[in-house]
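>
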Amino acid sequence: KLQEFGNESGIIYFSLIQTLEKFSNFLFAKKVHHTKYHGDLPGNVRRRHQNDFISGKDQLILATPAFGLGVDKANIRFVFHTEIPSTLEAYYQEIGRGGRDGLPAQAILFYDQEDVSIQMQFLEWAYPEETFIRKVYDLIQTYPSKVAMEGYDFLREQMVFKNKRDYRVNSAVSILARWGNLEEDKTPFGFKIAEPLSEEMFTKENQSLLKKEHQKKLLEILRWAQNIEDCRLNQIYKYFGHHHNDDCGICDVCTNAD
């Protein structure tokens, strides 16, 4: 499918870094030029790869969902998802990066039933317990130099697990950054301590309750992916509470495409 777009600009989203790297190696073997963006890359490398894609130096980027916040590139012609995203909100936002110049762009979801178990595991990792978040913060505060240079690998080792697919550390760092306890830094790790831990946020953002809400959203996108009777776009409109009577006429349901 990728060959149909020649040298057009596009994004291929992956849920698993391992799958992304495997496909990247495949493309390199085929001499298909591209760049990549995921959480295991140092912060400075991620920023460089993102800028290379936005500037047009690289036309194709392989990315995890962490990519795209603040990215405004007008001429993206395709957005592929190799696994189902965790919510319709995420999917709609990510495919919305295509065609911002007003010209047609194509969005394709390659959906497999195994995606469900992957996303369920991700939800377990995306909402770490309070004690886990506190421990990650303490490590960043206690070992700033080690964390700055060794980043997530050092934190994983200190948390007594080395499974790189288990991204609870990444989730904890993202949560702390969102709460304002961490701020961006130009070290390989990309963050440093900014503020003391906010006790209020542990109550305001109860991770257990958030996980249950996200599980409901996962069920909604599964229903959407499996529904081959109703226009894809109208299903999305309905999910967001909008009413739109006319079918889009171009999705796989409307065109009876496989």
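My numbering numbers the first residue of the sequence shown as 5 and each following residue consecutively.
Backbone N, C-alpha and C fix where the C-beta goes; we use that ideal spot for every residue, glycine too.
Since the model is a prediction, treat every value here as computed from it, not as a measurement.
Hey, is the region 29 to 40 in contact with the region 175 to 188, meaning 3+ C-beta pairs nearer than 8 Å?
The region 29 to 40 vs the region 175 to 188: no contact.
> Based on Cα-Cα distance, which residue from N231, A152, L180 lies nearest to K190?
For K190, the nearest C-alpha among the options comes from A152.
> Taking the alpha-carbon of N11 as reference, which of K221, V75, Q54, F82 has the nearest alpha-carbon?
Here the closest residue by C-alpha is F82.
> Can you give me the Cβ contacts of S90 inside the same chain, cut-off strictly under 6 Å, excluding the 5 residues immediately before and after it?
Cβ within range, chain order: Q123, L222.
> Take L143 and list the residues in its own chain whose beta-carbon comes closer than 7 Å to its own, dropping the five residues that flank it on each side.
The residues are V151, L159, Q162.
> In the DSSP assignment, find the unbroken alpha helix (DSSP H) run with K216 in it and report its ends.
From DSSP, the alpha helix (DSSP H) with K216 extends over 211 to 230.
> Quick one: what's got a C-beta closer than 6 Å to Q110's C-beta in the same chain, skipping five residues either side?
Within the same chain, Q110 has close Cβ partners F82.
> Could you spell out where the beta strand (DSSP E) holding T39 opens and where it closes?
Run containing T39: 39 to 41, per the beta strand (DSSP E) assignment.
> Tell me the DSSP bridge mates of L64?
G14.
> For the candidate residues F84, W129, C258, W228, whose alpha-carbon lies nearest to that of I179?
Of the candidates F84, W129, C258, W228, the one whose C-alpha sits nearest the C-alpha of I179 is W129.
> Would you kindly check if the distance between the Cβ of T68 and the Cβ of F18 is under 8 Å?
Going by C-beta atoms, F18 is nearer than 8 Å to T68.
> Give the single residue among I112, D105, P108, G106 whose Cα lies nearest to the Cα of E98.
Cα-wise, what sits closest to E98 is I112.
> Is L186 helix, strand or coil by DSSP?
In the structure shown, L186 sits in a strand (DSSP, three-state: E or B).
> Just reading off the alpha helix (DSSP H) that K196 is part of, what are its end residues?
No alpha helix (DSSP H) contains K196, which is instead part of the beta strand (DSSP E) from 195 to 197.
> Which residues bound the alpha helix (DSSP H) around H53?
Element bounds for H53: 47 to 59.
> Which partner residues of A111 appear in the DSSP bridge assignment?
A111 pairs with V83.
> Hey, is the region 170 to 178 in contact with the region 231 to 242, meaning 3+ C-beta pairs nearer than 8 Å?
These segments do not touch.
> Rounded to the nearest angstrom, what separates E204 and A198 at their Cα positions?
Their backbone Cα atoms lie some 16 Å apart in a straight line.
> If you follow the alpha helix (DSSP H) that V140 is part of, which residue opens it and which one closes it?
It spans 134 to 146 - the alpha helix (DSSP H) in which V140 sits, taken as one unbroken run.
> For L66, count neighbouring C-beta atoms within 10 Å of its own C-beta (all shown protein chains included) and say buried if the count is 16 or more, exposed if not.
Looking at its Cβ environment, which holds 16 or more other Cβ atoms inside 10 Å, L66 is buried.
> For N260, count the other beta carbons within 10 Å of its own beta carbon; 16 or more makes it buried, fewer makes it exposed. Which is it?
With fewer than 16 Cβ atoms within 10 Å of its Cβ, N260 is classed as exposed.
> If you compare alpha carbons, which of E154, D170, F244, Y241 is closest to P46?
The shortest Cα separation from P46 among E154, D170, F244, Y241 belongs to E154.
> First and last residue of the alpha helix (DSSP H) that includes I254?
Premise fails: I254 is in no alpha helix (DSSP H) and is neither H nor E.
> Can you confirm whether K77, when its beta carbon is compared against all beta carbons of chain D, has any partner nearer than 8 Å?
Note that chain D does not occur in the displayed structure, where there is just one protein chain.
> Straight-line CA distance for V49 to K196?
Spanning the two alpha carbons is a distance of roughly 17 Å.
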